[in-house]
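A.B. asks: Quick mapping for you: the protein sequence lines, in order, are chains A and B.
Just so you know, this note's numbering puts 3 at position 3 of the first sequence, and the rest follows in order with no gaps.
Just remember that this note's numbering sits 1000 ahead of the position in the second sequence, which is counted from 1.
No residue lacks a Cβ here, since even glycine has one placed at the ideal position from N, Cα and C.
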Amino acid sequence: MDKTKKSTKRLRTAKDLNRLVIDYYLECHEAKRRGTPVGWMPPMNGAIELFYAMDLQPVFPENWSPVCAAFGLTPGNFDVTDGLGYSRDLCGYLRNITGYVHGFMNDESIPLGGLPEPDILLSPGGGCVPVMKIFHILERRFPKAKVFSADLPQVAVEDIRKHHLDYAVWEMNRLIDFLTEVTGHRMDHDRLAEVVKLSDQACALWDEIMSYRRFIPTPLSAAEIGIMFVMVTRQGTQIAVDFLTAVRDEVKERAEAGIGVIDDERIRLFWDNIPLWYNMGLFNYFEKMGGVAVAETYSAAWSLRLDTEHPLEALAMKSLMSYPLVSCVSIRKRKEMVLKACREYSIDGAVLHRNKSCVPITLGQMDIKRALEEELGVPSVIIDADHMDDQNFSVAQFETRVDAFMEMLYEKKGLKL
Amino acid sequence: MPSQPAAPFYEVLKENERVTPALSGERYVGYFCTYTPIEIIHAAGFTPFRVAGGLDSVSLADTLTPNFICPYMRVATEKALRGEYGFLSGLVQGYTCDVACGLINIWKDNIGGDPCHLVPLPYNDNEASRDFLRSALKELIEKLDRAGGCFSEERLEHSLSLYDEIRRVILDLYDRRYEGSLPFSAGDFLTVIQAGYVTPPERYLGLLKTLRDEADHEREDGQPPSIPVLVSGSLVEEPRILEIIEESGGRICADDLCTGFRQWSPATGSGARPLDRVIDRHMRRFPCPSRSRARDRAPLIIDLVRRSAARGVIFLFQKFCTPHLADYPILNEELKKERIPATVFEMEETGIMEGQLRTRMETFFETLGERDG
């Protein structure tokens, strides 16, 4: 197997996703051309809905990194970052985007036209340290951009109290005031209510799509998880709802017809941590032994329903919950979710990606591993890798570990190789 | 060999190793870093105890943590799993870095303690963020009280007076260090500070006052020829590291360390009520990179360089420490603009790597010597 490889996709709607990705980046550039303010922001918070409700263009530098990985731009970006003096021990997202904005950003050969320069930077206080530092670096790189220094309580989901929510709502209102002041765009609260309804519909569809993965054989594997692109970039739009409806219909049809990802599904796997964006083909590697990655931790970040009666509170709550659910901020809640998923999705084994580029998701993994074994009897294997840097990934080691793990799962299930 | 004035502090640390702190009759609550509101822990009737890592090998902690987090947290967890922190009633930590956050949760489920609590801290300073911090601190107080604490405003007033005084005395020692008249080495100074992490503040303040008086009598008129430098970085736990720097031709005249200046400045906060003063001091404290921008830290470090007449900066980082590693290129660039030379060294858990550190430092000091003629 190659060190970098694209995944094999089975859904018809996967082709629609390619179009959707292209359209999104075209829209970003078009927005810049026609003078719509472009704001760069971290993912997994309620600011995206505010931007769409105020007719502003959200751009996600973190999401650009998987695109760079898919197009093979990452090593060049890393070289630029190394040259600036940044340590190779830093998160791959940070290293990639830092190299991109200081290097090839305005190169005409960049696929999809790259990212349009920001007019606004939504610089987070909260979330993980690398994302916070990415935005500090961007503030320096784009000195003309207007900076909103955001603040968000960092609290475990199970510990959220009224004062956390009140402060998050206060920050939402402060952000609206800031955006109004620097862009002249005003918030139409009826429009915001519509956007939040669309966002909630997208979440409901997301949950429904995921629920069909309970079917045996599963109609959807982690190889198709690129569909989360719409949850990152399009939440709160009709585009996301339409796309996810199409995916839901196809997945439902396949599930009910008993059409699996592969013909002979024998082992159902859980994937923990971010995928290796430069090698999504890994998810297909399990298939040669009848293995399918049926569920994963990362998709839980979008498994949230929004209270459409209270749009601002709903977005504040989304901001408070989304990142902690998949990180070390809420290890107990995350463990509970993983165990629930493994029960509901009839998981045979878990693959834990010990991700050098993401400490917040990797921390707590060993507790999850133990809980899987002790509470469910689900074995797991650890894969040492990195979601951005293929230098921290050994294909041979991956194959050796996975082969041995799959053999063990076969034996446990009484299957013959 | 410790200098005479610093000797009692070495003794305190040795005593702490020999005698189980639990036998002292104190109830200890642990913490990792100095963004933890220790005055509140103390006012609730507990003695704050800063958990140490140190130089050690890791095996038990491998079962809970990856090997790409800072050595401090790995070794601290190793010691906890060996039972060395069994005397702690609980663990409280202000949210600083992702690792501190993750480790609080991991300790909660694997080591235990009550309370085991992470305090969310605002990044901005405005009326709403101060109100939020007040609520977060009240939540901590509730948890400490539920764990057998006895918090009251009067007790906080008393705790603040103790800790404010401790900070004033230590900042006074820093002033002498800037002048070059502190009669003990940087390694001794670190030991003086570390003794405070394991000692009830009432006793520690007494030791510090005696140290200050002795320092007055032992003021050194002439310093050996050495090059004054500022040390910036994360947590330095081994005095030996600072000793090697000084043996290599330097004199540490200032610092921006987690185990140094950052925890002391400012000595106190303002406000009518004691909780207001805790909040005000938190908001105005000398910032850690996990809570601030390199852009904002650079002028503060440059100011320290000027105040102390340092001729260069040595960055000492815990390996894998994201906040520091991410800020370093910007800080270095800002120092270059001011023509302040800098070098960097990363510390690992298994040893000081004395040879490497000494070679790097000797080269740095030679360069500084040549540069300044």
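With distances taken Cα to Cα, identify the nearest neighbour of A:Leu11 among A:Ser221, A:Lys413, A:His29.
C.D. replies: Taking the first sequence and counting its residues from 1, one reaches residue 11 of chain A at position 11. If we check each option's Cα against that of A:Leu11, A:Ser221 comes out closest.
A.B. asks: For B:Ser1308, name the three-state secondary structure that DSSP assigns.
C.D. replies: The residue given as residue 1308 of chain B occupies position 308 in the second sequence. In this structure, B:Ser1308 counts as helix in the three-state DSSP scheme.
A.B. asks: Which value, in whole angstroms, describes the spacing of the CA atoms of B:Glu1202 and B:Pro1274?
C.D. replies: In the second sequence, counting from the first residue as 1, residue 1202 of chain B sits at position 202. In the second sequence, counting from the first residue as 1, residue 1274 of chain B sits at position 274. Spanning the two alpha carbons is a distance of roughly 18 angstroms.
A.B. asks: Going by DSSP, which residues form a beta bridge with B:Met1347?
C.D. replies: Locating residue 1347 of chain B in the second sequence gives position 347, counting from the first residue. Its beta-bridge partners are B:Gln1318.
A.B. asks: Would A:Ser199 and A:Leu306 be called neighbours here (beta carbons separated by less than 7 angstroms)?
C.D. replies: As a working mapping, residue 199 of chain A is identified with position 199 in the first sequence. As a working mapping, residue 306 of chain A is identified with position 306 in the first sequence. In contact: A:Ser199 and A:Leu306 (Cβ atoms closer than 7 angstroms).
A.B. asks: Contact criterion: CB-CB distance below 7 angstroms. Does A:Ile383 meet it with respect to chain B?
C.D. replies: Taking the first residue of the first sequence as position 1, residue 383 of chain A is located at position 383. Output row for A:Ile383: interface = no.
A.B. asks: With DSSP run on the structure shown, which of helix, strand or coil describes B:Cys1033?
C.D. replies: Counting from 1 along the second sequence, the entry for residue 1033 of chain B is found at position 33. Note: B:Cys1033 maps to coil in three-state DSSP.
A.B. asks: Can you tell me the Cα-Cα spacing of A:Met44 and A:Gly127, whole angstroms?
C.D. replies: Taking the first residue of the first sequence as 1, we reach residue 44 of chain A at position 44. Taking the first residue of the first sequence as 1, we reach residue 127 of chain A at position 127. Whole-angstrom Cα-Cα distance: 9 angstroms.
A.B. asks: Could you work out which residues of chain D lie near B:Thr1367, taking near to mean beta carbons separated by less than 9 angstroms?
C.D. replies: Although the question refers to chain D, the structure presented lacks it and instead comprises the protein chains A and B.
A.B. asks: Which of the residues in the region 127-154 of chain A, read from start to end, lie with their CB under 7 angstroms from any CB of chain B?
C.D. replies: Correct list: Cys128, Val129, Pro130, Lys133, His136, Arg140, Ser149, Asp151, Pro153, Gln154.
A.B. asks: From the DSSP output, which residues share a beta bridge with B:Tyr1095?
C.D. replies: Within the second sequence, the letter at position 95 stands for residue 1095 of chain B. Looking at the DSSP assignment, B:Tyr1095 forms no beta bridge with any residue, so it has no partner.
A.B. asks: I'd like to know if A:Val475 contacts chain B, where contact means its C-beta is closer than 7 angstroms to some C-beta of that chain.
C.D. replies: Lying outside 1 to 417, the shown extent of chain A, residue 475 of chain A is not represented and no answer is given.
A.B. asks: Assuming B:Arg1291 contacts B:Tyr1123 under a Cβ cut-off of 8 angstroms, what Cβ separation, rounded to an integer in Å, is found between them?
C.D. replies: Taking the second sequence and counting its residues from 1, the one referred to as residue 1291 of chain B is at position 291. Taking the second sequence and counting its residues from 1, the one referred to as residue 1123 of chain B is at position 123. Contact flag correct, Cβ pair sits at about 6 angstroms.
A.B. asks: Select from B:Phe1087, B:Glu1127, B:Lys1336, B:Asp1255 the residue whose C-alpha is nearest the C-alpha of B:Ser1024.
C.D. replies: Looking up residue 1024 of chain B in the second sequence gives position 24. Looking at the Cα atoms, B:Phe1087 is the closest of the given residues.
A.B. asks: Could you tell me the distance, in whole angstroms, from the CA atom of A:Gly281 to the CA atom of A:Val329?
C.D. replies: As a working mapping, residue 281 of chain A is identified with position 281 in the first sequence. As a working mapping, residue 329 of chain A is identified with position 329 in the first sequence. One C-alpha to the other measures close to 30 angstroms.
A.B. asks: Measure the C-alpha to C-alpha separation of B:Gly1053 and B:Cys1070 and round it to an integer number of angstroms.
C.D. replies: In the second sequence, residue 1053 of chain B corresponds to position 53, counting from 1. In the second sequence, residue 1070 of chain B corresponds to position 70, counting from 1. Straight-line Cα distance between these residues: approximately 10 angstroms.
A.B. asks: Where do the ends of the alpha helix (DSSP H) carrying A:His387 lie?
C.D. replies: For the purposes of this step, residue 387 of chain A is taken as the residue at position 387 of the first sequence. Element bounds for A:His387: n/a, residue is neither H nor E.
A.B. asks: For the alpha helix (DSSP H) holding A:Trp40, just list the boundary residues, first then last.
C.D. replies: Residue 40 of chain A sits at position 40 when you count from the first residue of the first sequence. No alpha helix (DSSP H) holds A:Trp40; the beta strand (DSSP E) holding it covers 38-40.
A.B. asks: Should B:Gly1102 and B:Ala1147 be called a contact, given that it needs their Cβ atoms to be closer than 7 angstroms?
C.D. replies: Here the question's residue 1102 of chain B lines up with position 102 in the second sequence. Here the question's residue 1147 of chain B lines up with position 147 in the second sequence. Contact: no.
A.B. asks: In chain A, which residues lie less than 8 angstroms from B:Asn1124 when you measure between Cβ atoms?
C.D. replies: Within the second sequence, the letter at position 124 stands for residue 1124 of chain B. Within 8 angstroms Cβ-Cβ: Gly125, Ser149, Asp151.
A.B. asks: Identify the continuous beta strand (DSSP E) that holds A:Glu296 and give its terminal residues.
C.D. replies: Locating residue 296 of chain A in the first sequence gives position 296, counting from the first residue. From DSSP, the beta strand (DSSP E) with A:Glu296 extends over 291-296.
A.B. asks: Could you spell out the range, first to last residue, of the beta strand (DSSP E) harbouring A:Leu121?
C.D. replies: Numbered from 1 along the first sequence, position 121 holds the residue referred to as residue 121 of chain A. It spans 120-123 - the beta strand (DSSP E) in which A:Leu121 sits, taken as one unbroken run.
A.B. asks: Using the three-state DSSP reduction, which class does B:Gly1054 fall into: helix, strand or coil?
C.D. replies: By 1-based counting over the second sequence, the position of residue 1054 of chain B is 54. If DSSP states are grouped into helix, strand and coil, B:Gly1054 belongs with coil.
A.B. asks: Assuming B:Ser1248 and B:Arg1358 are in contact, meaning their beta carbons sit under 8 angstroms apart, how far apart are those beta carbons, in whole angstroms?
C.D. replies: Stepping through the second sequence from its first residue, residue 1248 of chain B is reached at position 248. Stepping through the second sequence from its first residue, residue 1358 of chain B is reached at position 358. That belief holds up - the Cβ atoms of B:Ser1248 and B:Arg1358 are roughly 6 angstroms apart, short of 8 angstroms.
A.B. asks: Is it the case that the region 60-76 of chain A contacts the region 96-110 of chain A, given that we only count it when at least three CB pairs across the two stretches are under 8 angstroms?
C.D. replies: Verdict: yes, contact present.
A.B. asks: Closer than 7 angstroms, CB to CB, is A:Trp40 near chain B or not?
C.D. replies: On the first sequence, position 40 is the one that residue 40 of chain A refers to. A:Trp40 does not count as touching chain B.
A.B. asks: Given a limit of 8 angstroms on CB to CB distance, which residues of the region 1090-1105 of chain B reach chain A?
C.D. replies: Those would be Tyr1095, Cys1097, Asp1098, Val1099, Cys1101, Gly1102, Leu1103, Asn1105, in chain order.
A.B. asks: For B:Ile1330, which residues in chain A fall below 7 angstroms Cβ to Cβ?
C.D. replies: Taking the second sequence and counting its residues from 1, one reaches residue 1330 of chain B at position 330. In chain order: Arg140.
A.B. asks: What does B:Ser1232 touch in chain A if you count any residue whose Cβ is under 9 angstroms from its own?
C.D. replies: On the second sequence, residue 1232 of chain B is found 232 positions in, with the first residue counted as 1. In chain order: nothing, as chain A lies at least about 15 angstroms away.
A.B. asks: Could you list which residues in chain B have their beta carbon closer than 7 angstroms to that of A:Val326, in chain order?
C.D. replies: As a working note, residue 326 of chain A is residue 326 in the first sequence. The premise fails here: A:Val326 is roughly 13 angstroms from chain B at the closest Cβ pair, so nothing lies under 7 angstroms.
A.B. asks: In whole angstroms, give me the CA-to-CA distance for A:Ala396 and A:Leu339.
C.D. replies: Stepping through the first sequence from its first residue, residue 396 of chain A is reached at position 396. Stepping through the first sequence from its first residue, residue 339 of chain A is reached at position 339. If I take the Cα positions, the gap works out to 29 angstroms.
A.B. asks: For a contact meaning CB atoms closer than 7 angstroms, what does B:Phe1320 contact in chain A?
C.D. replies: By 1-based counting over the second sequence, the position of residue 1320 of chain B is 320. Under the 7 angstroms cutoff, chain A gives Asp89.
A.B. asks: Can you pull the DSSP bridge partners for B:Asp1256?
C.D. replies: The residue you call residue 1256 of chain B lines up with position 256 of the second sequence. Answer is B:Ser1232.
A.B. asks: Report the neighbours of A:Met321 on chain B: residues whose CB is nearer than 9 angstroms to its CB, in chain order.
C.D. replies: Within the first sequence, residue 321 of chain A is the residue found at index 321, counting from 1. Those do not exist, as A:Met321 stays about 14 angstroms from chain B at its closest Cβ, beyond 9 angstroms.
A.B. asks: Can at least three beta-carbon pairs, one atom from the region 1303-1313 of chain B and one from the region 1333-1345 of chain B, be found at a separation below 8 angstroms?
C.D. replies: At 8 angstroms Cβ cutoff, the stretches touch.
A.B. asks: Taking all protein chains shown into account, do 16 or more other C-beta atoms lie within 10 angstroms of the C-beta of A:Asp119, making it buried, or fewer, making it exposed?
C.D. replies: Counting from 1 along the first sequence, the entry for residue 119 of chain A is found at position 119. It is buried - the Cβ of A:Asp119 has at least 16 other Cβ atoms within 10 Å.
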